[in-house]
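Undergrad:
Printed below as a string of structure tokens:
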């Protein structure tokens, strides 16, 4: 009886990085600085990490908690701390600009949404608004005028996020998390938050989406309550996959003949603007180098290849006076 083989095939993605690379190399390869500049200029940006459980998604996105607590932390270890207000306010702010940064952090656990900055057992609703699209109206938004404030948001959110342990991962995320940094940039004399609207204002945001890992119960050997969690994770990822496939088959956007099931899960509702909408989007597909993970690696690469075919149409989010310039 021969050994089982898995043919990975060819997948034309934009960049590839080895597990031997430093995090800083990964961020440069992904063009993170350009995306941060876009958020400061007034565009909505979404960065997603997707892949098998234990493949490095949360480390890529948020880093380790012990690193976040270091006084000399320089933001090189992960994506979230590279948010604009911790990165020297990025590279393209002029001297006569006023910059305000705020942040929110939530998780979707068993198809229920929770605020990671105001931790209670209260579930939050996802609402639709013609101007805002799908959003969470009761989510806490914190001011982040300095790097330490942003790191506190990340650390607090990570402490409250649901975690578990199974055969493949000692610290497995049991939820999808979304950290959003809101970037208001006013061109002109310094202004207070309440008077930004009187200036030429760009209102961008950047969302860091750390998806829970896809799981096979026979590999993770989960049981009891974690079975429900695994089922919920896989179901929401399946729905996300259906959205990505529908968009790809529609020619990259939602305007084709195939129905795009955004409303089938809270995750896809909140990602509607990021997938086929008006935001700039980056998906980082995390793969395990282990031979035993070959099937999951193939699934991850296929997922990312379909996502690459989605065509967003970025729109500047700014005051009318700035748009007319």
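Residue numbers (my numbering): 57 to 381.
Glycine included, each C-beta is placed from N, C-alpha and C at the ideal position.
Pick from 268, 298, 238 and 358: whose alpha carbon is nearest that of residue 374?
TA: Closest option to residue 374, Cα to Cα, is 238.
Undergrad: Measuring only the C-alpha atoms, how far is residue 214 from residue 207?
TA: Spanning the two alpha carbons is a distance of roughly 11 Å.
Undergrad: Whole angstroms are fine: how far does the CA of residue 84 sit from the CA of residue 71?
TA: C-alpha separation (whole angstroms): 11 Å.
Undergrad: Would residue 308 pass as a contact of residue 218 if the rule is Cβ separation under 9 Å?
TA: The answer is no: Cβ separation not under 9 Å.
Undergrad: Within 10 angstroms of the Cβ of residue 363, are there 16 or more other Cβ atoms? Answer buried if so, exposed if not.
TA: Residue 363 should be labelled buried.
Undergrad: Alpha carbon to alpha carbon, what distance is there between residue 260 and residue 242?
TA: Cα to Cα, the separation comes out at about 11 Å.
Undergrad: Write down every uninterrupted run of the alpha helix (DSSP H) in the region 193–220 whose length is 4 residues or greater and which is fully enclosed by it, in chain order.
TA: Runs found: 203–216.
Undergrad: Measure the Cβ-Cβ separation of residue 161 and residue 212 and say whether it is below 9 Å.
TA: Yes, they are a contact pair.
Undergrad: Does DSSP classify residue 320 as helix, strand or coil?
TA: Looking at residue 320 - three-state DSSP - the assignment turns out to be helix.
Undergrad: Looking only at its chain, what residues have a beta carbon closer than 8 Å to the beta carbon of residue 305, apart from the 5 residues adjacent to it on each side?
TA: Hits under 8 Å: 312 and 314.
Undergrad: Mapping the DSSP letters down to three states, classify residue 102 as helix, strand or coil.
TA: Residue state, collapsed to three classes: strand.
Undergrad: Quick one, which of 73, 135 and 283 has its alpha-carbon nearest residue 234's?
TA: Of the candidates 73, 135 and 283, the one whose C-alpha sits nearest the C-alpha of residue 234 is 135.
Undergrad: Roughly how many whole angstroms lie between the Cα atoms of residue 332 and residue 262?
TA: Going by the C-alpha atoms only, they are around 16 Å apart.
Undergrad: Can the beta-carbon of residue 267 be found closer than 9 Å to that of residue 105?
TA: Yes.
Undergrad: Does residue 89 come out as helix, strand or coil in the three-state DSSP assignment?
TA: In the structure shown, residue 89 sits in a helix (DSSP, three-state: H, G or I).
Undergrad: Count the other CB atoms, across all protein chains shown, that sit within 10 Å of the CB of residue 197; report buried if there are 16 or more and exposed otherwise.
TA: It counts as exposed.
Undergrad: Taking all protein chains shown into account, do 16 or more other C-beta atoms lie within 10 angstroms of the C-beta of residue 74, making it buried, or fewer, making it exposed?
TA: Looking at its Cβ environment, which holds fewer than 16 other Cβ atoms inside 10 Å, residue 74 is exposed.
Undergrad: Does DSSP put residue 72 in a helix, in a strand, or in coil?
TA: Of the three classes helix, strand and coil, the one that applies to residue 72 here is coil, per DSSP.
Undergrad: Considering only DSSP beta bridges, list what residue 235 is partnered with.
TA: DSSP, once it has assigned bridges, lists 161 and 264 as partnering residue 235.
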